[in-house]
Amino acid sequence: MCTSGLLSQELCQRKRNFASGLLGTGRPVPKNLQDDPFAAEKYWQDWESGLNGKVHHDRPPSDWDGWDAPGAGDGTPPTDYIRSRRALGRNEPRDEYIRPIIDSRGIRQRLSPQEDATEDYLRDEFELNQWESRQSLKFSAILIVVPLIIGYVISRSLAEPTFVLMERFNPEFFELSDRQKVEGAHEVHVHELRLRMGASIGRAPPLDDEEMWSELHHEAVEIQEQMITRNKGAILNLVSDSTSALSLFGILVQDTEDRLMLFRTMGRIFSGLSDTAKAFIIIAVTDILLGYHSEEGWTAAIRMLTGHYGYETEESSIFIFVAIVPVTMDALFKYWIFKGLNRRNPAAAVTLRQMDRH
Numbered sequence: 001m002c003t004s005g006l007l008s009q010e011l012c013q014r015k016r017n018f019a020s021g022l023l024g025t026g027r028p029v030p031k032n033l034q035d036d037p038f039a040a041e042k043y044w045q046d047w048e049s050g051l052n053g054k055v056h057h058d059r060p061p062s063d064w065d066g067w068d069a070p071g072a073g074d075g076t077p078p079t080d081y082i083r084s085r086r087a088l089g090r091n092e093p094r095d096e097y098i099r100p101i102i103d104s105r106g107i108r109q110r111l112s113p114q115e116d117a118t119e120d121y122l123r124d125e126f127e128l129n130q131w132e133s134r135q136s137l138k139f140s141a142i143l144i145v146v147p148l149i150i151g152y153v154i155s156r157s158l159a160e161p162t163f164v165l166m167e168r169f170n171p172e173f174f175e176l177s178d179r180q181k182v183e184g185a186h187e188v189h190v191h192e193l194r195l196r197m198g199a200s201i202g203r204a205p206p207l208d209d210e211e212m213w214s215e216l217h218h219e220a221v222e223i224q225e226q227m228i229t230r231n232k233g234a235i236l237n238l239v240s241d242s243t244s245a246l247s248l249f250g251i252l253v254q255d256t257e258d259r260l261m262l263f264r265t266m267g268r269i270f271s272g273l274s275d276t277a278k279a280f281i282i283i284a285v286t287d288i289l290l291g292y293h294s295e296e297g298w299t300a301a302i303r304m305l306t307g308h309y310g311y312e313t314e315e316s317s318i319f320i321f322v323a324i325v326p327v328t329m330d331a332l333f334k335y336w337i338f339k340g341l342n343r344r345n346p347a348a349a350v351t352l353r354q355m356d357r358h
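FYI, the numbering for the sequence shown is 1 to 358, going by full-length UniProt numbering.
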């Protein structure tokens, strides 16, 4: 019941239009309401709440009475609307998510593949892989060349002049260590024995004590200069390699497209190998690094590395390192096979297990 004292004529007309359209007697029901009855109910509730809010601001609640439907003073939808909503619900299933999801298009493509589309797809993928491989090679060259150039330039242009200046102010800056002195004395003694052997067999003239002392002094000074030069080179190697390593880390830490293409190319190459080839590579690498005969290799590698940088390591330190690091690497490798390889490539894991057993 709409009177001028309770509701405005505009609100009454909006109510009549909505009710008539929703019940199918006037305007057609919106498409989304026909497809989803719950959307129709929400649409009714939103319209009712908006209308109540407008009336609430225009008139106090005491100035208007219930208008929802004849005989419905509790705010519930009319019975005609309920019947209309049930009729809409019978047209289509309510819970469409229960239907099984079937990719009919994918099934048709597999049963009757389109040759032209498939060829275009394979051609595009092949060209993309070729382009990524070329970019990966370029990026790999950058990873190798750029850090080496930076390390060489820094060591020769900054470190070497600095060492020359430091040696000028402190001549003992590159003094021989105790171990180098012992090694130098051993080399001088070997040279003395060589001279005496040559004189004994008649291949060299005999030398008296003064001549022998002069010859040994000259040999000792030459050995000292060689060891000082070796110490300078070791520090230069440390500066150069550290700079190159930092440069390489700085390039790799950047999240660039070239880095992603390099990783994708490496993964594609490894994935393209057969299961036997994958197992062979894994066994070869692990036997070289973690095999029962790898202790001598680790010891020699550590001595070469420490000698390259001029460090003096004790035998006990090397033995402790060899006893801890390779064993830890072996445990991590077995964990990777158990967790990662079994999940990503079960066939390669089985092949590896069979090859390792024999």
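Even glycine gets a Cβ: it sits at the ideal position worked out from N, Cα and C. All values reported here derive from a predicted model rather than from experimental measurement.
In this structure, the beta-carbon distance from I235 to G310 falls below 8 Å.
Taking the Cα positions, E315 is about 35 Å away from G250.
A straight-line Cα-Cα distance of about 27 Å links I320 and V239. Across the structure, G151 and V253 are spaced so that their CA atoms are roughly 18 Å apart.
Cβ-Cβ distances below 7 Å link I282 to L352 in the same chain, with the five nearest sequence neighbours on each side left out; the list follows chain order. Counted as a single uninterrupted DSSP element, the stretch harbouring E172 is not any alpha helix (DSSP H), since DSSP gives it neither H nor E. If you look at P326, you'll find it in the alpha helix (DSSP H) that goes 315-336. V350 and V322 have their alpha carbons spaced roughly 30 Å apart. The alpha-carbon of A185 is positioned some 17 Å away from that of T229. Sixteen is the threshold: since fewer than 16 other Cβ atoms of the shown chains lie within 10 Å of the Cβ of S274, the residue is exposed.
Residue state for T118 is assigned as helix, using DSSP reduced to three classes. Burial of S244 is indicated by the presence of at least 16 other C-beta atoms within 10 angstroms of its C-beta. In the structure shown, V190 adopts helical secondary structure according to DSSP, grouped into three states. Each residue's CA atom was taken as its position, placing E210 and H217 some 10 Å apart.
Judged by beta-carbon spacing, R268 lies within the 8 Å limit of N129, meaning their Cβ atoms are closer than that value. For L341, the three-state secondary structure derived from DSSP is helix. Contact between S140 and M261 is ruled out by a C-beta separation of about 11 Å, above the 8 Å threshold. DSSP places S274 outside any alpha helix (DSSP H), giving it a letter other than H or E. Between the segment 326-337 and the segment 283-297, the count of C-beta pairs closer than 8 Å reaches three or more; the two stretches touch. At least 8 Å separates the beta-carbon of I223 from that of E167.
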